[in-house]
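Colleague:
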Amino acid sequence: MGVEVYLLTGDSRPAAAAVAAEVGIEHFRAGVLPADKEAFVMELQQQGKVVAMVGDGINDSQALARADVSIAMGKGADIAMEVAKMTLISSDLSKIPAAIRLSRRTVATIRQNLFWAFIYNIIGIPVAAGVLFPFNGFLLSPVIAGAAMALSSVSVVSNSLRLKWSR
76 MGVEVYLLTG
86 DSRPAAAAVA
96 AEVGIEHFRA
106 GVLPADKEAF
116 VMELQQQGKV
126 VAMVGDGIND
136 SQALARADVS
146 IAMGKGADIA
156 MEVAKMTLIS
166 SDLSKIPAAI
176 RLSRRTVATI
186 RQNLFWAFIY
196 NIIGIPVAAG
206 VLFPFNGFLL
216 SPVIAGAAMA
226 LSSVSVVSNS
236 LRLKWSR
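FYI, in our numbering the residues of the sequence shown are 76 to 242.
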(Lines of atoms letter the chains of each structure in order from A and count residues from 1; the text may use other names and numbers.)
(Lines give C-alpha, C1' and ligand atoms only; values in the text may rest on other atoms or scores of the structure.)
Protein backbone atom coordinates (compact mmCIF):
# COMPACT_ATOMS: atom_id res chain seq x y z
CA MET A 1 0.00 0.00 0.00
CA GLY A 2 3.06 2.25 0.02
CA VAL A 3 2.96 2.65 3.80
CA GLU A 4 6.16 2.69 5.86
CA VAL A 5 5.47 0.87 9.14
CA TYR A 6 7.24 1.38 12.48
CA LEU A 7 6.67 -0.57 15.68
CA LEU A 8 7.05 1.54 18.83
CA THR A 9 6.62 -0.31 22.09
CA GLY A 10 7.43 0.01 25.73
CA ASP A 11 8.25 -3.70 25.76
CA SER A 12 11.76 -5.14 25.76
CA ARG A 13 13.94 -5.26 22.66
CA PRO A 14 13.77 -9.09 22.29
CA ALA A 15 9.98 -9.02 22.50
CA ALA A 16 9.75 -6.14 19.99
CA ALA A 17 12.19 -7.85 17.61
CA ALA A 18 10.22 -11.10 17.74
CA VAL A 19 6.91 -9.37 17.01
CA ALA A 20 8.42 -7.24 14.24
CA ALA A 21 9.98 -10.29 12.60
CA GLU A 22 6.76 -12.29 12.85
CA VAL A 23 4.61 -9.63 11.18
CA GLY A 24 7.22 -8.36 8.72
CA ILE A 25 7.96 -4.93 10.17
CA GLU A 26 11.47 -3.71 9.36
CA HIS A 27 11.66 -0.72 11.70
CA PHE A 28 11.03 -1.05 15.41
CA ARG A 29 11.95 0.66 18.65
CA ALA A 30 11.67 -0.95 22.08
CA GLY A 31 11.51 0.54 25.56
CA VAL A 32 9.78 3.64 24.20
CA LEU A 33 8.06 5.94 26.70
CA PRO A 34 4.78 7.75 25.87
CA ALA A 35 6.54 11.10 25.33
CA ASP A 36 9.07 9.37 23.07
CA LYS A 37 6.25 7.99 20.93
CA GLU A 38 4.87 11.48 20.50
CA ALA A 39 8.35 12.84 19.74
CA PHE A 40 8.82 10.16 17.07
CA VAL A 41 5.51 11.10 15.46
CA MET A 42 6.58 14.75 15.44
CA GLU A 43 9.96 13.79 13.94
CA LEU A 44 8.26 11.98 11.06
CA GLN A 45 5.90 14.92 10.53
CA GLN A 46 8.85 17.33 10.39
CA GLN A 47 10.25 15.16 7.60
CA GLY A 48 7.06 15.94 5.68
CA LYS A 49 5.45 12.55 6.21
CA VAL A 50 1.78 11.98 6.91
CA VAL A 51 1.77 9.93 10.10
CA ALA A 52 -0.84 7.39 11.13
CA MET A 53 -0.62 6.04 14.66
CA VAL A 54 -2.34 2.90 15.88
CA GLY A 55 -2.62 2.34 19.62
CA ASP A 56 -4.76 0.93 22.36
CA GLY A 57 -3.54 2.24 25.66
CA ILE A 58 -2.92 5.23 27.85
CA ASN A 59 0.73 5.14 26.81
CA ASP A 60 -0.30 5.69 23.18
CA SER A 61 -2.69 8.58 23.74
CA GLN A 62 -0.14 11.41 23.34
CA ALA A 63 1.10 10.03 20.03
CA LEU A 64 -2.46 9.31 18.88
CA ALA A 65 -3.41 12.92 19.58
CA ARG A 66 -0.36 14.21 17.67
CA ALA A 67 -0.66 11.97 14.60
CA ASP A 68 -2.31 13.10 11.37
CA VAL A 69 -4.40 9.93 11.37
CA SER A 70 -4.98 8.04 14.60
CA ILE A 71 -6.60 4.66 15.03
CA ALA A 72 -7.56 3.23 18.40
CA MET A 73 -8.42 -0.36 19.14
CA GLY A 74 -11.98 -0.87 20.37
CA LYS A 75 -10.94 -2.98 23.34
CA GLY A 76 -8.26 -0.51 24.41
CA ALA A 77 -8.23 2.29 26.96
CA ASP A 78 -11.00 4.87 26.83
CA ILE A 79 -8.47 7.72 26.54
CA ALA A 80 -7.00 6.16 23.39
CA MET A 81 -10.45 5.93 21.81
CA GLU A 82 -11.24 9.50 22.91
CA VAL A 83 -8.22 11.10 21.24
CA ALA A 84 -8.14 8.89 18.12
CA LYS A 85 -9.83 10.00 14.93
CA MET A 86 -10.97 6.44 14.22
CA THR A 87 -11.70 3.42 16.39
CA LEU A 88 -11.67 -0.14 15.11
CA ILE A 89 -14.42 -1.82 17.09
CA SER A 90 -13.00 -5.31 16.57
CA SER A 91 -9.45 -4.47 17.76
CA ASP A 92 -8.24 -6.56 14.82
CA LEU A 93 -5.06 -5.07 13.34
CA SER A 94 -5.69 -6.87 10.05
CA LYS A 95 -8.66 -4.51 9.50
CA ILE A 96 -6.37 -1.47 9.22
CA PRO A 97 -5.57 -1.94 5.49
CA ALA A 98 -9.29 -2.19 4.75
CA ALA A 99 -9.90 0.99 6.76
CA ILE A 100 -7.17 2.79 4.80
CA ARG A 101 -8.61 1.61 1.48
CA LEU A 102 -12.11 2.71 2.52
CA SER A 103 -10.75 6.08 3.61
CA ARG A 104 -8.98 6.60 0.28
CA ARG A 105 -12.11 5.62 -1.66
CA THR A 106 -14.19 7.98 0.50
CA VAL A 107 -11.89 10.93 -0.20
CA ALA A 108 -11.90 10.11 -3.93
CA THR A 109 -15.71 9.96 -3.90
CA ILE A 110 -15.94 13.31 -2.12
CA ARG A 111 -13.67 14.86 -4.75
CA GLN A 112 -15.76 13.36 -7.57
CA ASN A 113 -18.96 14.68 -6.00
CA LEU A 114 -17.49 18.16 -5.57
CA PHE A 115 -16.22 18.16 -9.17
CA TRP A 116 -19.60 17.25 -10.64
CA ALA A 117 -21.46 19.63 -8.33
CA PHE A 118 -19.18 22.50 -9.37
CA ILE A 119 -19.53 21.62 -13.07
CA TYR A 120 -23.30 21.56 -12.71
CA ASN A 121 -23.33 24.91 -10.95
CA ILE A 122 -20.84 26.54 -13.33
CA ILE A 123 -22.91 25.50 -16.35
CA GLY A 124 -26.43 25.08 -15.01
CA ILE A 125 -26.94 28.26 -13.03
CA PRO A 126 -25.89 30.71 -15.78
CA VAL A 127 -27.98 28.84 -18.36
CA ALA A 128 -30.98 28.83 -16.01
CA ALA A 129 -30.43 32.55 -15.38
CA GLY A 130 -30.72 33.24 -19.12
CA VAL A 131 -27.11 33.96 -20.12
CA LEU A 132 -27.65 32.29 -23.50
CA PHE A 133 -30.90 34.14 -24.27
CA PRO A 134 -29.30 37.26 -25.84
CA PHE A 135 -27.16 35.10 -28.15
CA ASN A 136 -29.50 32.39 -29.39
CA GLY A 137 -32.83 32.97 -27.64
CA PHE A 138 -32.48 29.86 -25.47
CA LEU A 139 -34.17 30.11 -22.10
CA LEU A 140 -34.23 27.13 -19.75
CA SER A 141 -37.59 26.28 -18.27
CA PRO A 142 -37.66 26.47 -14.44
CA VAL A 143 -39.16 22.96 -14.43
CA ILE A 144 -36.17 21.58 -16.37
CA ALA A 145 -33.73 23.51 -14.16
CA GLY A 146 -35.39 22.04 -11.06
CA ALA A 147 -35.28 18.55 -12.54
CA ALA A 148 -31.60 18.99 -13.39
CA MET A 149 -30.89 20.10 -9.81
CA ALA A 150 -32.71 17.03 -8.47
CA LEU A 151 -30.80 14.79 -10.90
CA SER A 152 -27.54 16.35 -9.72
CA SER A 153 -28.41 15.51 -6.11
CA VAL A 154 -29.41 11.96 -7.05
CA SER A 155 -26.12 11.45 -8.91
CA VAL A 156 -24.10 12.66 -5.89
CA VAL A 157 -25.99 10.34 -3.53
CA SER A 158 -25.73 7.41 -5.97
CA ASN A 159 -22.00 7.97 -6.37
CA SER A 160 -21.61 8.02 -2.59
CA LEU A 161 -23.63 4.82 -2.18
CA ARG A 162 -21.05 2.99 -4.31
CA LEU A 163 -18.88 2.97 -1.16
CA LYS A 164 -21.41 0.72 0.53
CA TRP A 165 -20.92 -2.01 -2.05
CA SER A 166 -17.14 -1.77 -2.36
CA ARG A 167 -14.96 -4.46 -0.84
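Note that the Cβ used here is the ideal one computed from N, Cα and C, for glycine as well.
Work out the CA separation of Asn234 and Glu101 for me, nearest whole Å.
Modeller: By one-based count along the sequence shown, residue 101 stands at place 26. By one-based count along the sequence shown, residue 234 stands at place 159. One C-alpha to the other measures close to 39 Å.
Colleague: Could you check the C-alpha separation between Gly212 and Ala203 for me, to the nearest Å?
Modeller: Looking up residue 212 in the sequence shown gives position 137. Looking up residue 203 in the sequence shown gives position 128. So the two alpha carbons sit approximately 12 Å from each other.
Colleague: Let me confirm a value: Val126 is counted as buried when at least 16 other C-beta atoms fall within 10 Å, else exposed. Which label applies?
Modeller: Locating residue 126 in the sequence shown gives position 51, counting from the first residue. Buried, since its Cβ has 16 or more Cβ neighbours within 10 Å.
Colleague: Please confirm if the stretch 184–199 is in contact with the stretch 158–166, defined as three or more CB-CB distances below 8 Å between the two stretches.
Modeller: no
Colleague: Whole angstroms is fine: what's the gap from Arg141's alpha carbon to Tyr195's?
Modeller: Along the sequence shown, one-based indexing puts residue 141 at 66. Along the sequence shown, one-based indexing puts residue 195 at 120. Arg141 and Tyr195: Cα-Cα distance of roughly 39 Å.
Colleague: With a 10 Å radius around its C-beta and 16 neighbouring C-beta atoms as the bar for buried, classify Phe190 as buried or exposed.
Modeller: Reading the sequence shown from its first residue, position 115 is the one you call residue 190. Phe190 comes out exposed.
Colleague: Smallest Cα separation from Ala138: which of Lys150, Met156, Gly123, Gly149?
Modeller: Locating residue 138 in the sequence shown gives position 63, counting from the first residue. Of the candidates Lys150, Met156, Gly123, Gly149, the one whose C-alpha sits nearest the C-alpha of Ala138 is Met156.
Colleague: Give the straight-line distance between the Cα atoms of Val231 and Ile198, rounded to the nearest whole angstrom.
Modeller: For the purposes of this step, residue 231 is taken as residue 156 along the sequence shown, with counting starting at 1. For the purposes of this step, residue 198 is taken as residue 123 along the sequence shown, with counting starting at 1. Roughly 17 Å between the two C-alpha positions.
Colleague: How big is the Cα-Cα spacing for Ala223 and Phe193?
Modeller: For this step, residue 223 is matched to residue 148 along the sequence shown. For this step, residue 193 is matched to residue 118 along the sequence shown. Going by the C-alpha atoms only, they are around 14 Å apart.
Colleague: Hey, Phe103 and Leu82: beta-carbon distance below 9 Å or not?
Modeller: If you number the sequence shown from 1, residue 103 lands on position 28. If you number the sequence shown from 1, residue 82 lands on position 7. In contact: Phe103 and Leu82 (Cβ atoms closer than 9 Å).
Colleague: Considering only DSSP beta bridges, list what Ala91 is partnered with.
Modeller: As a first step, residue 91 must be located in the sequence shown, where it is residue number 16. Answer is none; Ala91 lacks a bridge partner.
Colleague: When DSSP builds the beta bridges, which residues end up paired with Ile146?
Modeller: Walking along the sequence shown from the start, residue 146 turns up at place 71. The partner list for Ile146 (beta bridge, DSSP) reads Val129, Met161.
Colleague: Would the beta-carbon of Met76 fall within 9 Å of that of Arg176?
Modeller: Position 1 of the sequence shown holds residue 76. Position 101 of the sequence shown holds residue 176. Yes, the Cβ-Cβ distance between Met76 and Arg176 is below 9 Å.
Colleague: Could you tell me the alpha carbon to alpha carbon distance between Leu214 and Val206, rounded to whole angstroms?
Modeller: Locating residue 214 in the sequence shown gives position 139, counting from the first residue. Locating residue 206 in the sequence shown gives position 131, counting from the first residue. If I take the Cα positions, the gap works out to 8 Å.
Colleague: Between Leu236 and the rest of its own chain, which residues show a CB-CB distance below 7 Å, the 5 nearest in sequence each way excluded?
Modeller: Position 161 of the sequence shown, counted from the first residue, corresponds to residue 236. Answer for Leu236: no residue qualifies.
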